[in-house]
Amino acid sequence: MGLAQVFDNLELMGGALDGQHAASIGSSSVPAASAKRLGQAEELAATLQTMLRTPLTQPVHRTVWTLLDKVLNKALDYDARILHPESFSTLAERLDHAVLATSCGVTRTASFTAQQVGCLRLSARRGGCDLTSARTKGLFVHLAAASQYLPAVAQKLAALGYEQSCVEGAIDLAGVDHCLSALERHSVHVRHDGGIVTGAPPSSRLAPSALLWGQARKIHSPLLDALESFSEQALRDSFSGSKRDLARLWSCSGPVSSRWLTEFPASWWPAVLDDKFTMALKFRLGLPVYPAGLQCAHAQSKDPFAVCGKALDISGDHAVCCNVGPYTSIRHSALNGILAQAGRDAGHAVLLEQVVPELGFKKSRRGGTEVWVEAV
Ligand SMILES: [Zn+2]
67 MGLAQVFDNL
77 ELMGGALDGQ
87 HAASIGSSSV
97 PAASAKRLGQ
107 AEELAATLQT
117 MLRTPLTQPV
127 HRTVWTLLDK
137 VLNKALDYDA
147 RILHPESFST
157 LAERLDHAVL
167 ATSCGVTRTA
177 SFTAQQVGCL
187 RLSARRGGCD
197 LTSARTKGLF
207 VHLAAASQYL
217 PAVAQKLAAL
227 GYEQSCVEGA
237 IDLAGVDHCL
247 SALERHSVHV
257 RHDGGIVTGA
267 PPSSRLAPSA
277 LLWGQARKIH
287 SPLLDALESF
297 SEQALRDSFS
307 GSKRDLARLW
317 SCSGPVSSRW
327 LTEFPASWWP
337 AVLDDKFTMA
347 LKFRLGLPVY
357 PAGLQCAHAQ
367 SKDPFAVCGK
377 ALDISGDHAV
387 CCNVGPYTSI
397 RHSALNGILA
407 QAGRDAGHAV
417 LLEQVVPELG
427 FKKSRRGGTE
437 VWVEAV
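Mapped onto the working numbering, the consecutive letters of the sequence shown carry residue numbers 67 to 442.
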């Protein structure tokens, strides 16, 4: 069809129609460009897994995770938008397999249970690891892209002189209908105005043909949110009331508790050793952190022979709660040091551990006696 990709939002259609694949949107075939992107993604996954198996002098696990999260798991996002969801499902299955295999490598785990996969795929703010599966994207991404861009595409085609019936005949909405039906099987419904309803179907369901001549609707985020809500609830139900697993999910959720996992590492960030990164990831996924039968080796800072000696549970709970030794204040002190240095670099005079009388007093305990000290 040869539409130039110079008009805003025509990229969606232009990309889909690029080359000889004019029929790809509505057919079950996979365009060569999409197959090539999948091949490149699988090659990247193989390279990352080789890196993880190769002894290297520099830590690589965090780097591998960043590539896994930001590149590999998003390798087919464009294809999810332009392909019919049925065509995309084959690609999605293979990409999901590559992502899981690489995740196993980062955590040094042979395979994951269904619960661990659920946690891996759940969004970070809900306590998961943010690797939304391509199969989940296949449920709604094509619909979300069509809702956002097709109205403008249709209007621009009309402005170019095409009749309304011609435009309606040229744009295949079968993929949109497929998404709507797939979402309805998950009890997620899209109203005619773009609102997302869960549970019982609304009286006015979105009609695919209405997309062309109405307003653009941004429905990607609310749809993903609705699907994630079901995934989170399913994961919680699978814990069967296990207080530890439920508490773990709560403590891993929130806007900042996953920044170490989901942000691009900055060059000035301290290096994270591979063992520590893997251990933190295992703790988040509910994987065993230690072999059974070990004892805590934390020692008093003033007496290295006075070790804690308590049994180390395989979940790692004792290790993060143990109060023996200097480890409880190491991160606090390290953060203080980084902030102080940043202040000095900015040209300020910085003093640590200073008494600030204006902050008032607080209760403290010294040698078994409760005392009031000035806040610092
Ligand atoms: Zn201990």
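Here a beta-carbon is modelled for each residue, glycine too, at the ideal position from N, C-alpha and C. Please read these numbers as outputs of a predicted model, since none were measured by experiment.
query = If you draw a straight line from the alpha carbon of F383 to that of R174, how long is it in whole angstroms?
reply = Per the sequence presented here, residue 383 reads as Asp, with Phe not at that position. The alpha-carbon atoms of D383 and R174 are separated by roughly 20 Å.
H127 beta carbon less than 7 Å from that of V60 = Outside the shown range of the chain (67 to 442) lies residue 60, about which nothing can therefore be said.
ask   = If you check the beta carbons only, do H286 and A218 fall under 7 Å apart?
value = no
message = Can you confirm whether the stretch 188-200 touches the stretch 295-306 when touching is taken to mean that 3 or more C-beta pairs between the two stretches lie within less than 8 Å?
response = yes
ask   = Between the beta-carbon of S155 and the beta-carbon of G204, is there less than 7 Å?
value = yes
inquiry  = Taking the alpha carbon of Q281 as the reference point, which residue from L134, Y215 and A365 has its own alpha carbon closest?
reply    = Y215
query = In angstroms, rounded to a whole number, what distance separates the CA positions of L226 and C232?
reply = 12 Å
inquiry  = For L417 and P321, I'd like the C-alpha separation in whole angstroms.
reply    = 31 Å
ask   = Is P151 closer than 7 Å to G241 when the C-beta atoms are compared?
value = yes
query = Quick check: the stretch 372-386 against the stretch 340-354, are there 3 or more CB pairs under 8 Å?
reply = yes
For ligand 1, residues whose Cβ lies under 6 Å from any non-hydrogen atom = C362, H364, C374, K376, H384, C388 and V390
task = Look at the alpha carbon of A412 and the alpha carbon of S399, and state the distance between them as a whole number of angstroms.
result = 20 Å
ask   = From this set, S247, Y228 and L293, which residue's C-alpha is nearest R271's C-alpha?
value = S247
task = Would you list the one or two residues that DSSP bridges to Q361?
result = A377
query = By the 10 Å Cβ neighbour count, where 16 or more other Cβ atoms means buried, how is S430 classified, buried or exposed?
reply = exposed
query = Should A372 go down as buried or exposed, given a rule of 16 or more other Cβ atoms within 10 Å for buried?
reply = exposed
Selection from Y144, E294, L138 and Q181 that minimises the alpha carbon distance to R314 = Measuring from the Cα of R314, the nearest candidate turns out to be Q181.
task = Determine the direct distance from the alpha carbon of H255 to that of E294, and round the result to whole angstroms.
result = 14 Å
key: Neighbour-count burial assignment, G307, 16 or more Cβ in a 10 Å radius   = exposed
query = Do S199 and R187 come within 7 Å of each other at the CB atom, strictly closer than that value?
reply = yes
key: CB contact flag (R350, C318, <7 Å)   = yes
task = Determine the burial state of A259: buried for a count of at least 16 other Cβ atoms within 10 Å of its Cβ, exposed for fewer.
result = A quick correction: the sequence has Asp, not Ala, at residue 259. Classification of D259: exposed, given that the 10 Å Cβ count is below 16.
task = Spell out the partners DSSP gives Q366 in its beta bridges.
result = Its beta-bridge partners are D369.
request  = In angstroms with no decimal places, state the Cα-to-Cα distance between L133 and G184.
outcome  = 20 Å
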